[in-house]
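J.: Protein chains in written order, with this note's numbering: chain X, 89 to 572; chain C, 89 to 572. All residues carry an ideal CB built from backbone N, CA and C; glycine is no exception. Only a predicted model underlies this, so the values are computations on that prediction, with no experimental measurement involved. Quick one: this structure, given as structure tokens, is what I'll be asking you about.
Shown next, in the form of structure tokens:
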């Protein structure tokens, strides 16, 4: 039999190296289990609860009414005649359609997007960043934040062998980063967050990691996720200043993944944008350090993952490089326009005095308060379990607790060729129907084990989930600690 | 002054090689001219007419009402209570929301998409392809067709130097292909379409091109665009069979870009899908030849470019390669859900007896008839101009006429460092406000010159456009043919 052209042996080797735990084997197994339940197969649980992915609306988070009204009006402009929609939603929809080719959402936009024409990005950054100006030419609309991150990494990847671009990423990390670096053939440089200090970022660890990497590649990029994914920490202003100083000293391009900027829950924590801190540090830094900041419609109080909206702002990037960036993104024509619309509206939400303002504030507050309560609940209950230790969920949508696994479990996992925390999570899934992602999918210090769990399920379901995890963990410890 | 990390000199060299004429310098100039007109600067024209990009709704094509109704209902489900929407649109919206996480368009879908859950892809292919079955596991939803094309090229790119993957593309080509190959560092192999035979594909030319390329790389992929972009030809069934035989013989993976499958206008022409022809050729071919076919919401009678909907069907690809593909696309989470919705609905449009059927048929027919008339009009008027020769626009949305340029114009262009047809198109734009794309942006035989013009402007505007091109061309010939 003649061999096929494309086989597992002849395909792109870099693609084979890509890993993406958030939708890895554990999720494939969860989907199988769901099908079994649908088909009436008996399992020790009635439903599969997925806490593996930051998919807020799938877990019951409600969309912001105003955003959906504007989008429905733009989609089907006959509704502009309906009395069921508030005037400010109609005004906004009219302005957006005015900026669209043929006054239709079905037209391509400029690569930078309708939201840029609409000047929303500029307004947003100025407000959030305390009046620091924003050049609309620095805003690029994207297909979710992932698209922007991959595009910037692509621009920054160059060289061969010892001169190959090295990219510093936090461990634990969000696996988009390692996946993109594998695909691009760039060098991944790990710096470890300090679990003992609530997953904080130590500059000495950045220095260690950078120094070691210089032997192997050309470290050019430093990626920060703040608030942290999967680790849920919120960086202090001081820490951000230190990171900027480090980037300036070591000649690194900063990529600030700030998609959880509204998801800050812990007392004493606040979100500081890298841009604002950079500009407040004065021209010695603000004229020199290159920075890209990423945002999305998918997280925060919006939770509009399915629309794939996002944008990035590039700072201190030369016009000729921006021209290359514009050309590169033009090949894909434009980001999805519905996502652009919601991105634009979310950075210019209803203002006081406008008809939809009160409801907007009410909905946003309710969603963020609910998340804050679930963050606290998750931390409190997990820390009651012997053998689980959970840092405070200061922000984002995840807890990343450390789990103690008995030696015998570790040995059994390794005998099966599995990471011990994958073994643990797979068993948890099979016995309880709960779907978490093992820490090994995000990276962790050798010999430590974790899982990532979202705080997104509705409170009543989250309580069930946490008590099931608790019971399972106790049972697991008993089973594997008992003498053979 | 300290050098920046990311500069034009330190950026990814492959990205610098990317070219994308459809949005290149000519379009940047067109946007500048539009701004001038808005600011009241006097120009020899009142408006810029863009015929550079297949952006149907921007040119006034109307969206299909049923598609927009379903999408509005999914976006803002309160509308399910409204009496303004037909029952079949509501039913469809309910079924789609049922398949969405949290019953919301704001959730991620499986990487393969809600449309796959919805089983629409399968239904479509079975109907169009004369009952040939379709495995839903072979369908991948994409962010427009571009996304699918780049993803497949990425999977197929491997090797170094002489073993590097070579990809055969038609010249003239749609520049997404050359751009993707430059970015991936794969080898572009040109085969020339036969302009004298209405841009048909000659197998002898495929053989020539393949043989020459084998000296330089490992030719593994053959890309076909049918109906053709930018050339507007429709392939005969015989030609498709010959191409499949050639691919089988030379061990090539077939990529069939079939995004214009409903855009067929010329008498005696019909669209034949590669899949259908492959399966009808019997097991000798249908079990062996690997094929991916691409489709989108952006073209045909839909014209929903801004939604970035699309899908691909992979045939004869091993399960382990599909698992790699699934993993790769999972990293980007999912294609935009509004695009998925319209893709799903467009492959299962209203059926006879359903409330929206008559209007759907009326709208689709009107759009396709209008395009057919404009295709004929374009061909007829351009062929009346001395020095312009235009093949019939059998399908797609473009004419790609050959233009005769006087030697003196060619010399003047070259002295300016411009391609002669870029020089021509730039002058046309500056003097008339008409924005076309020079043939050099798509590739053409040395010493020949063309432009690509869409047939999309409304008929009255298209007539103005064509008569301005006519006048300009005559003037241009006079100016450059006169003795110095």
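(1) Helix, strand or coil for residue 99/C per DSSP?
(2) Our contact map puts residue 384/X next to residue 397/X with C-beta atoms below 8 Å; I'd like the distance itself, whole angstroms only.
(3) Any Cβ of chain C within less than 8 Å of the Cβ of residue 98/X?
(4) Pick from 449/X, 428/X, 358/X: whose alpha carbon is nearest that of residue 159/X?
(5) Starting from the beta carbon of residue 427/C, find every residue of chain X whose beta carbon is closer than 9 Å, and list them in chain order.
(6) Strictly below 8 Å CB to CB, what residues from chain X border residue 151/C?
(7) What did DSSP end up calling residue 315/X once you bin it into helix, strand or coil?
(8) Would you kindly work out how many angstroms separate the C-alpha atoms of residue 252/X and residue 101/X, rounded to a whole number?
(9) For residue 171/C, count the other beta carbons within 10 Å of its own beta carbon; 16 or more makes it buried, fewer makes it exposed. Which is it?
(10) Report buried or exposed for residue 567/C, applying the criterion of at least 16 other Cβ atoms within 10 angstroms of its Cβ.
(11) Closest Cβ-Cβ distance between residue 409/C and chain X: below 8 Å?
(12) Between the C-alpha atoms of residue 285/X and residue 451/X, what's the straight-line distance to the nearest angstrom?
(13) Comparing alpha-carbon positions, which option in 335/C, 380/C, 304/C lies nearest residue 344/C?
(14) Can you name the residues of chain X whose CB is closer than 8 Å to the CB of residue 164/C?
(15) Going along chain D in order, which residues have a C-beta closer than 9 Å to the C-beta of residue 341/C?
(16) Does chain C have any CB closer than 8 Å to the CB of residue 378/X?
(17) State the Cα-Cα distance for the pair residue 191/C and residue 353/C, rounded to the nearest angstrom.
(18) Against residue 412/C, what residues of chain X qualify as contacts under a CB-to-CB distance less than 9 Å, listed in chain order?
(19) Tell me the rounded alpha-carbon separation between residue 263/C and residue 143/X.
(20) Do three or more CB pairs link the region 271-285 of chain C to the region 331-341 of chain C at distances below 8 Å?
(21) Answer with yes or no whether the minimum CB distance from residue 553/X to chain C is below 8 Å.
(22) Shorter than 8 Å from the beta carbon of residue 419/X to some beta carbon of chain C?
(23) If you draw a straight line from the C-alpha of residue 245/C to the C-alpha of residue 425/C, how long is it?
(24) Use the C-beta contact count for residue 474/X: other C-beta atoms within 10 angstroms, 16 or more gives buried, fewer gives exposed.
(25) Would you verify that the beta carbon of residue 569/C is, or is not, closer than 8 Å to some beta carbon of chain X?
(26) Under 9 Å Cβ-Cβ, which residues of chain C neighbour residue 329/X?
(27) Going by alpha carbons, who is nearest to residue 563/C out of 520/C, 166/C, 153/C, 365/C?
(28) Taking DSSP as the reference, what is the three-state secondary structure of residue 81/X?
(29) Taking CB distances under 8 Å as the criterion, tell me whether residue 146/C reaches chain X.
(30) State the Cα-Cα distance for the pair residue 448/X and residue 457/X, rounded to the nearest angstrom.
(31) Anything in chain C within Cβ reach of residue 469/X, meaning under 9 Å, just list it in chain order.
(32) Would you say residue 254/X lies against chain C (beta-carbon separation less than 8 Å)?
(33) According to DSSP, is residue 45/C helix, strand or coil?
(34) Determine which residues share a DSSP beta bridge with residue 344/C and list them.
(35) Taking residue 227/X as the query, report the chain C residues whose CB atoms sit under 7 Å from its CB, ordered along the chain.
(36) DSSP three-state call for residue 245/C: helix, strand or coil?
T.: Reading off the structure:
(1) The answer is coil: DSSP assigns residue 99/C none of H, G, I, E or B.
(2) Contact annotation, residue 384/X with residue 397/X: C-beta distance approximately 7 Å; criterion of less than 8 Å satisfied.
(3) The Cβ of residue 98/X sits closer than 8 Å to at least one Cβ of chain C.
(4) Among 449/X, 428/X, 358/X, the Cα nearest to that of residue 159/X is on 428/X.
(5) The answer, in chain order, is 396, 424, 426.
(6) By Cβ distance, chain X contributes 192, 194.
(7) Correct three-state label for residue 315/X: coil.
(8) As the crow flies, the alpha-carbon of residue 252/X is around 18 Å from that of residue 101/X.
(9) By the 10 Å Cβ count, residue 171/C comes out exposed.
(10) The Cβ neighbour count for residue 567/C, taken over all protein chains shown within 10 Å, is under 16; the residue is labelled exposed.
(11) Nearest CB-CB separation between residue 409/C and chain X: below the 8 Å threshold.
(12) About 34 Å.
(13) Ranking 335/C, 380/C, 304/C by CA distance to the CA of residue 344/C puts 380/C first.
(14) 156, 157, 159, 160, listed in chain order.
(15) Included in the structure are the protein chains X and C, with no chain D among them.
(16) Taking CB atoms only, residue 378/X has a neighbour in chain C less than 8 Å away.
(17) Spanning the two alpha carbons is a distance of roughly 41 Å.
(18) Result: 96, 99, 100, 103, 104, 106.
(19) Approximately 36 Å between the Cα atoms of the pair.
(20) These segments do not touch.
(21) For residue 553/X, the answer is no, since every Cβ of chain C falls outside 8 Å of its Cβ.
(22) Yes, contact with chain C.
(23) A straight line joining the alpha-carbon of residue 245/C with that of residue 425/C spans about 29 Å.
(24) In summary, residue 474/X is exposed, with fewer than 16 beta-carbon neighbours lying within 10 Å of its beta-carbon over all protein chains present.
(25) Answer no: the Cβ-Cβ gap between residue 569/C and chain X never drops below 8 Å.
(26) Within chain C, no residue comes near residue 329/X; the closest Cβ sits about 19 Å away, beyond 9 Å.
(27) Selected option, being the one with the closest Cα: 520/C.
(28) Missing from the structure shown is residue 81/X; chain X here goes from 89 to 572 and no further.
(29) True, the Cβ-Cβ gap to chain X drops below 8 Å.
(30) Going by the C-alpha atoms only, they are around 14 Å apart.
(31) Those do not exist, as residue 469/X stays about 24 Å from chain C at its closest Cβ, beyond 9 Å.
(32) At a cut-off of 8 Å, the C-beta of residue 254/X has no neighbouring C-beta in chain C.
(33) The first residue shown for chain C is 89 and the last is 572, placing residue 45/C beyond what the model contains.
(34) Note: residue 344/C sits in a beta bridge opposite 312/C, 381/C.
(35) Within 7 Å Cβ-Cβ: nothing; residue 227/X doesn't reach chain C, min ~17 Å.
(36) Here residue 245/C sits in coil by DSSP.
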